[in-house]
Structures are given as C-alpha cells and as structure tokens.
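A.B. asks: Pasting a structure here, questions to come.
2 protein chains.
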Amino acid sequence: MTDPTPSADARRWLADFGAALARQDLTAATALFGDDAYWRDLVAFTWNIRTQEGPAAIREMLAARLADTAPTDFALDGEATAADGITDAWFTFETRVARGRGHLRLKNGQAWTLLTTMVELKGFEEKKGPRRIKGAEHGVHPGRKTWLERRQEEQATLGYTEQPYVVIIGGGQGGIMLAARLRRLGVPTIVVERNEKPGDSWRKRYKSLCLHDPVWYDHLPYLPFPDDWPVFAPKDKIGDWLEMYAKVMELNYWGSTTAKKASFDEATGEWTVVVDRAGQEVVLRPKQLVFALGVSGYANVPKIAGAETFLGEQHHSSRHPGPEGYQGKKVVVLGSNNSAHDICAAMVEQGVDVTMVQRSSTHIAPSDSLMELALGGLYSEQAVKNGIDHHTADLVFASVPYRIMHTFHIPVYEEMKKRDADLYARLEKAGFMLDFGDDGSGLFMKYLRRGSGYYIDVGASELVANGSIKLKSRVNIERINPRSVTLSDGTELPADLIVYATGYGSMNQFLADLVSPEVADRVGKVWGLGSGTTKDPGPWEGELRNMWKPTNQANLWIHGGNLHQSRHYSQFLSLQLKARYEGLDTPVYGQAPVHHLR
Amino acid sequence: MTDPTPSADARRWLADFGAALARQDLTAATALFGDDAYWRDLVAFTWNIRTQEGPAAIREMLAARLADTAPTDFALDGEATAADGITDAWFTFETRVARGRGHLRLKNGQAWTLLTTMVELKGFEEKKGPRRIKGAEHGVHPGRKTWLERRQEEQATLGYTEQPYVVIIGGGQGGIMLAARLRRLGVPTIVVERNEKPGDSWRKRYKSLCLHDPVWYDHLPYLPFPDDWPVFAPKDKIGDWLEMYAKVMELNYWGSTTAKKASFDEATGEWTVVVDRAGQEVVLRPKQLVFALGVSGYANVPKIAGAETFLGEQHHSSRHPGPEGYQGKKVVVLGSNNSAHDICAAMVEQGVDVTMVQRSSTHIAPSDSLMELALGGLYSEQAVKNGIDHHTADLVFASVPYRIMHTFHIPVYEEMKKRDADLYARLEKAGFMLDFGDDGSGLFMKYLRRGSGYYIDVGASELVANGSIKLKSRVNIERINPRSVTLSDGTELPADLIVYATGYGSMNQFLADLVSPEVADRVGKVWGLGSGTTKDPGPWEGELRNMWKPTNQANLWIHGGNLHQSRHYSQFLSLQLKARYEGLDTPVYGQAPVHHLR
Chain A
735 MTDPTPSADA RRWLADFGAA LARQDLTAAT ALFGDDAYWR DLVAFTWNIR TQEGPAAIRE
795 MLAARLADTA PTDFALDGEA TAADGITDAW FTFETRVARG RGHLRLKNGQ AWTLLTTMVE
855 LKGFEEKKGP RRIKGAEHGV HPGRKTWLER RQEEQATLGY TEQPYVVIIG GGQGGIMLAA
915 RLRRLGVPTI VVERNEKPGD SWRKRYKSLC LHDPVWYDHL PYLPFPDDWP VFAPKDKIGD
975 WLEMYAKVME LNYWGSTTAK KASFDEATGE WTVVVDRAGQ EVVLRPKQLV FALGVSGYAN
1035 VPKIAGAETF LGEQHHSSRH PGPEGYQGKK VVVLGSNNSA HDICAAMVEQ GVDVTMVQRS
1095 STHIAPSDSL MELALGGLYS EQAVKNGIDH HTADLVFASV PYRIMHTFHI PVYEEMKKRD
1155 ADLYARLEKA GFMLDFGDDG SGLFMKYLRR GSGYYIDVGA SELVANGSIK LKSRVNIERI
1215 NPRSVTLSDG TELPADLIVY ATGYGSMNQF LADLVSPEVA DRVGKVWGLG SGTTKDPGPW
1275 EGELRNMWKP TNQANLWIHG GNLHQSRHYS QFLSLQLKAR YEGLDTPVYG QAPVHHLR
Chain B
735 MTDPTPSADA RRWLADFGAA LARQDLTAAT ALFGDDAYWR DLVAFTWNIR TQEGPAAIRE
795 MLAARLADTA PTDFALDGEA TAADGITDAW FTFETRVARG RGHLRLKNGQ AWTLLTTMVE
855 LKGFEEKKGP RRIKGAEHGV HPGRKTWLER RQEEQATLGY TEQPYVVIIG GGQGGIMLAA
915 RLRRLGVPTI VVERNEKPGD SWRKRYKSLC LHDPVWYDHL PYLPFPDDWP VFAPKDKIGD
975 WLEMYAKVME LNYWGSTTAK KASFDEATGE WTVVVDRAGQ EVVLRPKQLV FALGVSGYAN
1035 VPKIAGAETF LGEQHHSSRH PGPEGYQGKK VVVLGSNNSA HDICAAMVEQ GVDVTMVQRS
1095 STHIAPSDSL MELALGGLYS EQAVKNGIDH HTADLVFASV PYRIMHTFHI PVYEEMKKRD
1155 ADLYARLEKA GFMLDFGDDG SGLFMKYLRR GSGYYIDVGA SELVANGSIK LKSRVNIERI
1215 NPRSVTLSDG TELPADLIVY ATGYGSMNQF LADLVSPEVA DRVGKVWGLG SGTTKDPGPW
1275 EGELRNMWKP TNQANLWIHG GNLHQSRHYS QFLSLQLKAR YEGLDTPVYG QAPVHHLR
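In the order they appear, the protein sequences are chains A and B.
First residue of the first sequence? That's 735 in this note's numbering, and the numbers climb one at a time after it.
First residue of the second sequence? That's 735 in this note's numbering, and the numbers climb one at a time after it.
If you want it as structure tokens, here you go:
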C-alpha cells in the first residue's frame, strides 16, 4: 500500500465533502471541518462575502444554502502540497448556476480553512478566449453598423434614451476596474467622475506621489502592466494608464460629471441619480448604484479653534499641490501617517522649513522590508518566477481568514523590527511615536482595521530620524492663530501653511451627502473588521464592513480598496450585479447587521 | 544502455556543435549539417538577417564570423521532441556581446534547419522584470524631477536642442512597434507621422475594414491584446489601441508631421531630415533613418487613357471612404484582391450597383479555413491552450527556411481546395479567375513573394459567386470616358465612381521621393524573395529584400510587414540599432546585392 500523498488526502477530502453535500448530510459535511475551521465564501454559496467561523456556523450556512446552491464536481486542480502539517490544495467546483474555484487547508485530515469563490455564471460567461467575438461578420448585413457606429450610438443614447443598469459614482481606479468587469459581462454601466479625464484624480495629487504598493500587487483586471513598469509607478504614469485603460476597455465614462443627488424607489426598484454633466443636468435611472469614492475619499478635517483667523493657507492633504512656492515659508503638517511623510519629505527636498505634528503613534514599515517580508512570497519578481501570478496570489490572500490573519503577520513584523532596528531606534530617539499595530501584526492589519495609522517608508523616516523634518510629538494643535499654531504643550509654531494630513472618514458619509442621512445610517460604518483594536470597535464582523457585497440599503453597493482589492473584489461585485441584471435568484445569506454608524 | 531520446540527441548535437565552434574547427562544425541544411541567422552571428543554404554557405559564414562572434554555452531549453523522423529542439546560447535563442531540426543526427536569433545585448538589456526601474526614489534629491517633468522636458527638447539617434518615418503599427522596442532599449527616437494621432491611418480607412489576420497573430510587443479582443479587430478599435499604446509606451510621436526631404552626410554619418511639424519646419539630425511607410504604402494607380476626362470620382482604394453616398450610382472597382473585395462587399450591403473588373487571377483563402489549416497550429485559441504563445509561434515561423517554406504550405492549400470546393466551383462558374499561387503554395507565399494577389474571404466571395457583386474578368480597363469605362473586350460600363484597387509599389519609391532617385536605386526593390514566380523575379534572395536589416545605403533601414512581422522583426532591427547607438562593432556579413530597382 502506497503512502498517502497530499494530493490523495485532498482528493479524498473533496470526495467525502462532495458526497456529503450531494446527499445533504450536514452532519457528515460539518464533521469534515476541525473545531477551529473557517469557511470563507465569495458569492458562490452565500450570494455574499462572508466567513463562517467554526463548525456550527458552517452547518448553519449549509442548512440555509445547500439545497439552492446544489454544489457538485469538486475536483482537485493540480497537485496538493504539504508543509508543517498543513496540506494545501486548489480545487474547482460547480453550483447550479455557476462555476467556482476554491482553496483548502487540511490539518489532521480535517479542513482548517476553506475558500469557495464564484468564477463565472453558467450561460453568462465573459466572451473571452474561445468565446471571443468575431469582429468581422461574414456575409451581407444591410444596415450593418460598424464597431465605431455602435460605440458612438451607445455613447449618444446611454443615460439619455436608454438607461444603464448600473451607475458607478467615482471614476478612480476602483470605479474603472468594476466598470471594466461589468463591460465584459455585458451589463450596461455608466461611470460618473467629477474630474475631466480618467486618471485625473492621480494627476492632481502632489507631484512627488508614487504608488506605495509594488507593481506586482497593482495590476488592473484583464491587462496587466508591461514587465518594465516601475516598481512604484509615478502618479502621472498611473494616470495615463487609467486613461488608456478606460478607453480600450470601452467604458462609458462620464468625466466632468458630478453626482448631486440619488434616491431609491422601493416600488420600482430603481434609483434616480441627478448628475451635472459639464454644466447640464442629466437624470439617470439605474437599478443598481455603486459608490466608488475611495476608502481614502471623504477627507477628515478637524475643527480647530481659531482656524478661521489663520492668515496663511490651510488645506487637507488630499488637496496639497506640492512644495513649490513655499520656499522661505514655515509649514506645519498635522498628522504623521503616509500623506504627512510624503508631504514633509517633498518640502525638505525643496529646502522648506517643515514641522510634523504627531498626535498618536504611527507604524513605520520600510518599503524594501515590506516588499520582501510581507509581500515577497506572493507579489514579487520571485513569486512570478515561482509560477505565482497575481491571480493565484489574490486567491491565496483571500484564503486566509481575517480572524487569524494577524497570526500570519506578527512574525513578519517581528522580523522587520530586527531588520530595521537601527532606523526604529533613531526614530524613537528623535521623539517619534512608533507602533506595530495593537497586537504587533503590522501594516496590513492596520489597513484592514482602520485604513490608516502607518507609513510605507520610502525615505521620509530617515529625514525624521535625522531632524531634517522637524517633529513635535505627543501633542495636538490646540489653537490656530493668524500666523502660528499653538500646540497642546503650549509651544507656538510660526506657520504660513497648515496641511491637515488627518486622513479620511467612513465612506458612508458620502451617502449622507448624496442620498440621505437615513440611508447613510441604514448602511452604517464602512470598512474595518470589528477587531476591537484602535479605531475598529467590535463586535467582530469577520469581513470588511459593507465592502463589495449587499448592504442594508437595497441596490446600493460600495466598491474600492487598494489596487489589489479593487482588482480582486471587482470580480465578485460584478458577478453579483450580473446575476441581478439577468434576473437570477440571489438569496443573500447572513446579511451583516449594522453596529456602528460611522 | 538506454535508448537515445530526442533530448539526448539534441544535447549531443549541441555539445558537438559548441565544441567544434570553440576550437574553430569549421570542418567538424559543417559536418554536423546535412547536405540540404539551412542555417538562418537573425543578427547573432551575421549582424544581418540571412539564411545560409547548404554546408558550403554555412562554412563560408563561419569562416568570416566565427572568431568575432565567439559563440558559447549552447544549451538545450526544455525537452526536445521527435516526429516523422525529425527531432525538434529549442536552445539558448551566448556570443561575446549577446544572448541568443535558437531552434534546431535534426534529421538522421544531422542538422536540417538551424535558427539562431539575438535576444539581448549583454550590458544593454531592457530594464524589465528584476531589472525594472524603481520609480520612487528613496531619500532626498534636491532638484529631483518627477517622471512627468522629465517626460515634458524630453518632449520639449528632443528634435530641437537634443537630436534623436533614430528617426522613424511613418507612425503606423510598424513605426510604433519599432519605437516601443527602441524606447525600452534607451535609444532616443522620434516617430514622424503625417496624420494627427496614432491610429489615424486605420481610422481613415473605409468603414467596414477589419483586420484580416486573427488576433493571436496580431499582438504588439510587450502588451498583448486582452483575451476578449475580437478575432478580427475593427479598424477603429485598432486605432484606439495604437493611440493608447503609443502613449503608455512613452513614444516621442510627432503627429501632423510630414517628412519633406532627407539626405545623408557620409562624413559625419548623420542624416538631415526636414519635416513640417504642424506647419513649422523642423530639421532633425539623427544618425539612423528608418522608413516604416508600409508594404502596402506606396499606392499604385495605373495610367489609363482618358482618365482626365472622367466626370465622376476616381480614387485609389487606400483613399476610399466607404459606400455611403453612392446609392443609385454605378461603381466600377478595378482589381480583384483584398481591398477590391472589401470595397465591393460594402457597396452591395448598401445596395449600390458595383462591378469588379478582374485583370488577373486571385487566390481566395476562406478566412475560417485559413485560420484553421494555416495558422491554427501556431496562432489560435488551441495553440495558446497547447502552450504555444505568440513568442514561441513567431520563432517557429522564423525557423522554416524560405527556400522550402512552400513545401510546408502546399498540403495546407490542397486541403483547402477540398474543404471549400463548393465555393471555388461556384466562383469559377461565375467567371472568377482563381489560383493557389504559381506552385499551389497559397496565401502566405504569395504575400512574401509579391505582397498581393489574394483575398482572405470574409464573405465577399459568396457575393461574387452569387452575382451580387457583378464581375468582368479576363479584361482590363482600356479607356476611361466621361461617364463610363471601356474594357479590353469592348464592353462599356457606365460609371460614376472608379476605385483603383490596384495595390502598392515597392517601398523604395518613397526613397526616391524623400531622399533621391540615386538612393532609391542604391537600395533597390523592397520585399519579395526572388522566387522566380509571378511578380517576384529571381535570382533567389533567401530573405525578404531590404527588410529589417542593413541596406546598401548606410544608416538607412526599412521596417514593416504584417502585424506578426512588425512585432517579431522589430526585435532584431531594434537590436541592430541599439548596437550602433552604443558604438559596438557590427560587421555585417553577406550584405545582399541589389538585382532589381523596383
């Protein structure tokens, strides 16, 4: 008898699982999971984005969803691998209406983590590969329209005499990526963007801005960056790419268009969205409305006494133009996270006197270390060489339950502490308040929990450590005077410019402005996991609040995140929208209740 | 003793070959080739594009080039395969200055075909993958310029205060692809194009135009089309792609710029190129000048008696706007190849009375059959599924010597004759003159030999067969009258529009106009193989005349071909230009003499 192999183990588990599900034996199916098991489902079973934690929750989900989902054909894909007692396997499966891909981690023969994802809807597949359209049509077709004529007709009628099924408010990378997916699925969609052209939201940022995530993490769907793309793309290069992408993906992109008001009619199941398109009011009537205005979208500007008396300039970091013209002036930057560091470093480079006012601790993650230690296995040149492209990496990332994700990350940051000990020591010596997240789990967990509180160091930390960027820490700005600011320790700093690098608020504040306060409250706080850590109050959600899945406001969705998330989760949001467009039944399991309003 | 395997055979041959070359043993090296062997070299050994046919020619080339090339490290890449007595192997190798990739076919232990290609120059590799630039630069760099600032500076100075190394005349897909390669190699280049924007040369064609080659054949370098691109892309979609490609590839593309005159100064090794840039005269002084004006570039318009008396419209097919506005008119199309068929079919679709005047036979290749029988193994969904991407396909294509290429193709067209027998029979019944090339080798050989004489049928042949497109064959237009044409058989056809679908002339006629008749004659006829077949007079050249390689005019080059050729051969032309840019020694072996002037 041959020794069991990882693949044999995985095949056996999948066979047992498939069989138990086929005969609707919930007890047998649940018994295949360990006591500390997690089943994360992206749409395929739950028509939701939801992690079932523990056998009881798994059983409950199956009780509600098994019959309707009718899963079949669980099959190992490739060979499974084993390391440190964990067997790792990819598999495919089908449901009544879809085809799926999944990932499995076995511990002692039982499932520890299971990921099921919807890949495509049967009968509504993207027209790609062997299904791609022909283009040239044989024969005589009187009245035939060329591609250009059809495109021009679409651009003239959609939103006017024909209504889109989906309107996406916000034409940054999130809106653009979702629109590309919907286009490929044949769902009529309009993107509204207040800036003139795709990419402008990047072009208008301060001039030194580059992406903070490395290229392998950043690809857009369908058209990866070429292999000579810089590791950290400069903002204007990204702007050009987005402009190009929106064009060749044939998006219906309405630039210079501002959404003014949106309201939902429960009876007709239709939104009325009033927009100003280059000065003209247009009323759109989509069935589905998506907000893609950015995790870092709704600027937070603290109200500080005396702000109205200030004689200099003051603006939020999102409106900061860069250091030009401030030579000889005194600049005060309130905040100590990513934008604050970028802005201060650019000032120093232009010889401008700048002080960073740090109110609370910041997690500093040196870029090289982050790339190597945190991302390297999945998103790097080496990963690509090892056969891990970003599609695979995205799924590996998605397969780690949020509940235990921090345990995967803590060792990474332990290592980073050692590797960059010198920098950290000098930062603390300079008075900078450092942290590694409440539980030492570092950058990505901070990002998921609160969307803030870190800086991916590409050089500014050295300037803080060596004093080039002046620092006042453990203080806030208590009062603003005509030509200075008074800190909470009594110090007065002369100031000609105040930059509020003070972050962003929950995205549902956009809803309050654009729809109504009631709807904003109905939807509730956006982002965060309910971890009970700083700025992420419990109870535990298990998934990011309100992202890429049904909200408590019918037909209202929220899309966004970093480039990786916008890329990967646009797949699942587009499938949920396509299913509704085609009139498929989409019974949502486990709609998350709202615990916080902001 | 184990049976020899294909890989073992290939390894042994490569080892023997490498060893013979290393000890400069020409006899031993030559003995490794069969009597009917071919060694095609793309730059690596010969700094040329040249096929050495037979052992004597191979020995001669080695005698001249072996010492300087200093080839080493011949290594099998992957596993070799064997079928029908032929062993097929890929290998890598190095030379003193470059890294290369090659392909080998063994017959009875001896080389039958050998392909050696230059992949990159040592020390001058493209900055891609692990070599890609960082983008964000750490630390303080006073006076640092952003990507945008450097780009804007380049656009303001190149061609004015800084001279490019290369000027490419012609900004269609050929010029664009070559410029993209040169950009990645860091060779300062300007592309001049008379139309306003990249892609306009496509946009301005008749509206029904789609690509005739299927998508897998058409990818541009570095950025393949997405997997939902139509099989046959409509002209405007290609136009948009080219426009965006030129932008994201950061080309220095001067639209609305017409080249007026160019002259070469032997003493300085520099060209003077006078251009009109949007009304302003600019003098460019590159070292290298590339003409990329199209195999189908220099329109042929026959001089027919009475043409000046014609009261209707007349234009070459390249200027044909489409069928709109010709309802109720009589249209005569002179010619029976690709453009003629497209134009006539579009007329029929609009209900316009149109007659095709066929002077000589045409090879009709139904598109589906062509895709399946001729291209399917290399450029198709199936090929991709079999692991053959376009990079591999390009090299397989390149590995077949032109001398014997027709033997590979004849069976394909034998099959096509059978498969489409019904259509061919009905075409002949309608009076259409058919051929399959002089030797039955079909479309691609006709294309290589004469660049014309065929139609890739996407529906127009049915219209000829059923009489919807009226046909007069075995005639020419003898005389043009004010409202009609008189054919050589005496027939008179009423005409309001005459379209000269009469093809294109040798590209060196552009040289006569732009440089001088002497230089045009020095360069000689462009395209064709010297096969001695119709419109391709001998003697045998072995390669396409003057394409992608040194011409007899110093520092003058010609680029172009179909999308596959423009893509693949831009690699080798860009390397030849880069080597000269870096001052490397590039002794050209076997410069082809000129046998024909046009």
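Each residue gets a CB set at the ideal place from its N, CA and C atoms; glycine is no exception.
Predicted model only: the values in this text are computed from it and were never measured.
Could you give the distance in angstroms between the alpha-carbon of B/Glu1162 and the alpha-carbon of B/Lys1151?
C.D. replies: As a working mapping, residue 1162 of chain B is identified with position 428 in the second sequence. As a working mapping, residue 1151 of chain B is identified with position 417 in the second sequence. C-alpha separation (whole angstroms): 13 Å.
A.B. asks: Within the 7 Å Cβ cut-off, does A/Ile972 reach chain B?
C.D. replies: Working through the first sequence from its first residue, we reach residue 972 of chain A at position 238. Not an interface residue.
A.B. asks: Give the range of the alpha helix (DSSP H) segment to which B/Ser1304 is assigned.
C.D. replies: Numbered from 1 along the second sequence, position 570 holds the residue referred to as residue 1304 of chain B. Here the alpha helix (DSSP H) through B/Ser1304 covers 1297 to 1315.
A.B. asks: By the 8 Å beta-carbon criterion, what residues does the stretch 1184 to 1203 of chain A contribute toward chain B?
C.D. replies: Val1192, Gly1193, Glu1196, Leu1197, Ser1202
A.B. asks: Give the straight-line distance between the Cα atoms of B/Ser1222 and B/Asn1215, rounded to the nearest whole angstrom.
C.D. replies: As a working mapping, residue 1222 of chain B is identified with position 488 in the second sequence. As a working mapping, residue 1215 of chain B is identified with position 481 in the second sequence. Pairing B/Ser1222 with B/Asn1215, the inter-Cα distance amounts to about 14 Å.
A.B. asks: Within 7 Å (strictly less), CB to CB, does A/Lys856 reach chain B?
C.D. replies: Against the first sequence, residue 856 of chain A aligns to sequence position 122. Cβ-Cβ to chain B under 7 Å: no for A/Lys856.
A.B. asks: Got a sec, what are the start and stop residues for the alpha helix (DSSP H) A/Asp1097 sits in?
C.D. replies: The residue labelled residue 1097 of chain A in the question sits at position 363 within the first sequence. For the record, residue 1097 of chain A in the displayed sequence is His; it is not Asp. Taken as a continuous stretch (DSSP letters only), A/His1097 belongs to no alpha helix (DSSP H), being part of the beta strand (DSSP E) at 1097 to 1100.
A.B. asks: Given a cut-off of 7 Å on the beta-carbon distance, is the pair B/Val921 and B/Leu1307 in contact?
C.D. replies: As a working mapping, residue 921 of chain B is identified with position 187 in the second sequence. As a working mapping, residue 1307 of chain B is identified with position 573 in the second sequence. Their beta carbons are not under 7 Å apart, which means B/Val921 does not touch B/Leu1307 by this criterion.
A.B. asks: Between the C-alpha atoms of B/Gly909 and B/Leu810, what's the straight-line distance to the nearest angstrom?
C.D. replies: Translated into the one-based positions of the second sequence, residue 909 of chain B becomes position 175. Translated into the one-based positions of the second sequence, residue 810 of chain B becomes position 76. Between B/Gly909 and B/Leu810, the C-alpha separation is close to 34 Å.
A.B. asks: For B/Asp750, collect the residues of the same chain with a Cβ closer than 7 Å to its Cβ; drop the 5 residues on either side in sequence, then sort them by chain order.
C.D. replies: As a first step, residue 750 of chain B is located in the second sequence; it is residue number 16 there, counting from the start. Here the set comprises Leu766.
A.B. asks: Count the other CB atoms, across all protein chains shown, that sit within 10 Å of the CB of A/Pro864; report buried if there are 16 or more and exposed otherwise.
C.D. replies: Residue mapping note: residue 864 of chain A aligns to position 130 of the first sequence, counting from 1. A/Pro864 should be labelled exposed.
A.B. asks: Please tell me whether B/Ala890 and B/Pro932 are closer than 7 Å, where the distance is taken between their beta carbons.
C.D. replies: Taking the first residue of the second sequence as 1, we reach residue 890 of chain B at position 156. Taking the first residue of the second sequence as 1, we reach residue 932 of chain B at position 198. Contact: no.
A.B. asks: For the stretch 1093 to 1148 of chain B, list the alpha helix (DSSP H) runs that are entirely contained and at least 4 residues long, ordered along the chain.
C.D. replies: Correct list: 1115 to 1119, 1124 to 1132.
A.B. asks: Rounding to the nearest angstrom, what Cα-Cα distance links A/Arg745 and A/Gln1305 in this structure?
C.D. replies: For the purposes of this step, residue 745 of chain A is identified with residue 11 of the first sequence, where counting begins at 1. For the purposes of this step, residue 1305 of chain A is identified with residue 571 of the first sequence, where counting begins at 1. Roughly 27 Å between the two C-alpha positions.
A.B. asks: Quick check on B/Asn1334: buried or exposed, where buried means 16 or more other Cβ atoms within 10 Å of its Cβ?
C.D. replies: Nothing can be reported for residue 1334 of chain B, as the shown portion of chain B is limited to 735 through 1332.
A.B. asks: Could you pull the DSSP bridge partners for A/Cys944 from this structure?
C.D. replies: The residue labelled residue 944 of chain A in the question sits at position 210 within the first sequence. Answer by DSSP bridge pairing, in chain order: A/Pro968.
A.B. asks: Could you tell me the distance, in whole angstroms, from the CA atom of A/Leu1245 to the CA atom of A/Trp1274?
C.D. replies: Position 511 of the first sequence, counted from the first residue, corresponds to residue 1245 of chain A. Position 540 of the first sequence, counted from the first residue, corresponds to residue 1274 of chain A. Near 24 Å, if we compare the C-alpha coordinates of A/Trp1274 and A/Leu1245.
A.B. asks: Helix, strand or coil, according to DSSP, for B/Lys1151 in the structure here?
C.D. replies: Here the question's residue 1151 of chain B lines up with position 417 in the second sequence. Correct three-state label for B/Lys1151: helix.
A.B. asks: Which stretch, first to last residue, makes up the beta strand (DSSP E) that contains B/Lys1269?
C.D. replies: Taking the first residue of the second sequence as 1, we reach residue 1269 of chain B at position 535. Looking at the DSSP string, B/Lys1269 is not in any beta strand (DSSP E), and its letter there is neither H nor E.
A.B. asks: Would you tell me roughly how many angstroms separate the C-alpha atoms of A/Asp1337 and A/Thr847, rounded to the nearest one?
C.D. replies: What the structure shows of chain A is the stretch from 735 to 1332, and residue 1337 of chain A is not part of that stretch, so it cannot be assessed.
A.B. asks: Determine the burial state of B/Leu957: buried for a count of at least 16 other Cβ atoms within 10 Å of its Cβ, exposed for fewer.
C.D. replies: Locating residue 957 of chain B in the second sequence gives position 223, counting from the first residue. Answer is buried; the Cβ neighbour count reaches 16.
A.B. asks: Report buried or exposed for A/Lys879, applying the criterion of at least 16 other Cβ atoms within 10 angstroms of its Cβ.
C.D. replies: The residue given as residue 879 of chain A occupies position 145 in the first sequence. Classification of A/Lys879: exposed, given that the 10 Å Cβ count is below 16.
A.B. asks: Tell me whether the stretch 1036 to 1048 of chain B and the stretch 1260 to 1278 of chain B touch, counting them as touching only if at least three CB pairs, one residue from each stretch, are closer than 8 Å.
C.D. replies: Taking 8 Å as the limit for Cβ pairs, the verdict is that the stretch 1260 to 1278 of chain B does not touch the stretch 1036 to 1048 of chain B.
A.B. asks: So, does the CB of B/Ile1077 fall closer than 7 Å to a CB anywhere in chain A?
C.D. replies: Here residue 1077 of chain B is taken as the residue at index 343 of the second sequence, counted from 1. For B/Ile1077, the answer is no, since every Cβ of chain A falls outside 7 Å of its Cβ.
A.B. asks: Checking 7 Å against the spacing of the C-beta atoms, do B/Tyr894 and B/Lys1021 come in under that value?
C.D. replies: Within the second sequence, residue 894 of chain B is the residue found at index 160, counting from 1. Within the second sequence, residue 1021 of chain B is the residue found at index 287, counting from 1. At least 7 Å separates the beta-carbon of B/Tyr894 from that of B/Lys1021.
A.B. asks: Check whether the Cβ atoms of B/Thr1096 and B/Asp1172 sit closer than 7 Å, and answer yes or no.
C.D. replies: Stepping through the second sequence from its first residue, residue 1096 of chain B is reached at position 362. Stepping through the second sequence from its first residue, residue 1172 of chain B is reached at position 438. No, the pair does not count as a contact, with Cβ atoms beyond the cut-off.
A.B. asks: Using DSSP with H/G/I as helix, E/B as strand and the rest coil, what is A/Trp773?
C.D. replies: Walking along the first sequence from the start, residue 773 of chain A turns up at place 39. Of the three classes helix, strand and coil, the one that applies to A/Trp773 here is strand, per DSSP.
A.B. asks: Since A/Gly863 meets chain B, which of its residues come closer than 9 Å, beta carbon to beta carbon?
C.D. replies: By one-based count along the first sequence, residue 863 of chain A stands at place 129. What A/Gly863 touches in chain B: Asp961, Asp962, Glu1115, Val1118, Lys1119.
A.B. asks: Apply the 10 Å Cβ neighbour rule to B/Lys994 and answer buried if 16 or more other Cβ atoms are within range, or exposed otherwise.
C.D. replies: As a working mapping, residue 994 of chain B is identified with position 260 in the second sequence. Under a 10 Å Cβ-count criterion, B/Lys994 is classified as exposed, with fewer than 16 other Cβ atoms of the shown protein chains found around its own Cβ.
A.B. asks: Can you give the Cα-Cα distance for A/Val1082 and A/Ser1202, rounded to whole angstroms?
C.D. replies: Position 348 of the first sequence, counted from the start, is the residue given in the question as residue 1082 of chain A. Position 468 of the first sequence, counted from the start, is the residue given in the question as residue 1202 of chain A. Whole-angstrom Cα-Cα distance: 7 Å.
A.B. asks: Grab me the residues of A/Lys1204's own chain with a C-beta within less than 8 Å of its C-beta, minus the 5 sequence neighbours each way, in chain order.
C.D. replies: As a position in the first sequence, residue 1204 of chain A is number 470, starting the count at 1. Counting only Cβ-Cβ distances below 8 Å, and skipping sequence neighbours, we find Asp1087, Val1088, Thr1089, Met1090.
A.B. asks: Tell me whether A/Asp1319 is buried or exposed, calling it buried when 16 or more other Cβ atoms sit within 10 Å of its Cβ.
C.D. replies: Taking the first sequence and counting its residues from 1, one reaches residue 1319 of chain A at position 585. By the neighbour-count rule (16 or more Cβ atoms within 10 Å), A/Asp1319 is not buried but exposed.
A.B. asks: Identify every run of the alpha helix (DSSP H) within the stretch 1163 to 1190 of chain A, keeping only runs that are complete inside it and at least 4 residues long; order them along the chain.
C.D. replies: 1176 to 1184
A.B. asks: Suppose the cutoff is 7 Å on Cβ atoms and the five residues either side in sequence are ignored; what does the same chain contact list for B/Trp950 look like?
C.D. replies: Translated into positions along the second sequence, residue 950 of chain B becomes position 216. Only Tyr1113, Ser1114, Ala1117, Val1118, His1124 meet the Cβ criterion.
A.B. asks: Chain B partners of A/Ser1240, CB-CB under 8 Å?
C.D. replies: Translated into the one-based positions of the first sequence, residue 1240 of chain A becomes position 506. The premise fails here: A/Ser1240 is roughly 29 Å from chain B at the closest Cβ pair, so nothing lies under 8 Å.
A.B. asks: At the level of alpha carbons, what is the spacing between B/Thr992 and A/Val901?
C.D. replies: Against the second sequence, residue 992 of chain B aligns to sequence position 258. Against the first sequence, residue 901 of chain A aligns to sequence position 167. C-alpha separation (whole angstroms): 44 Å.
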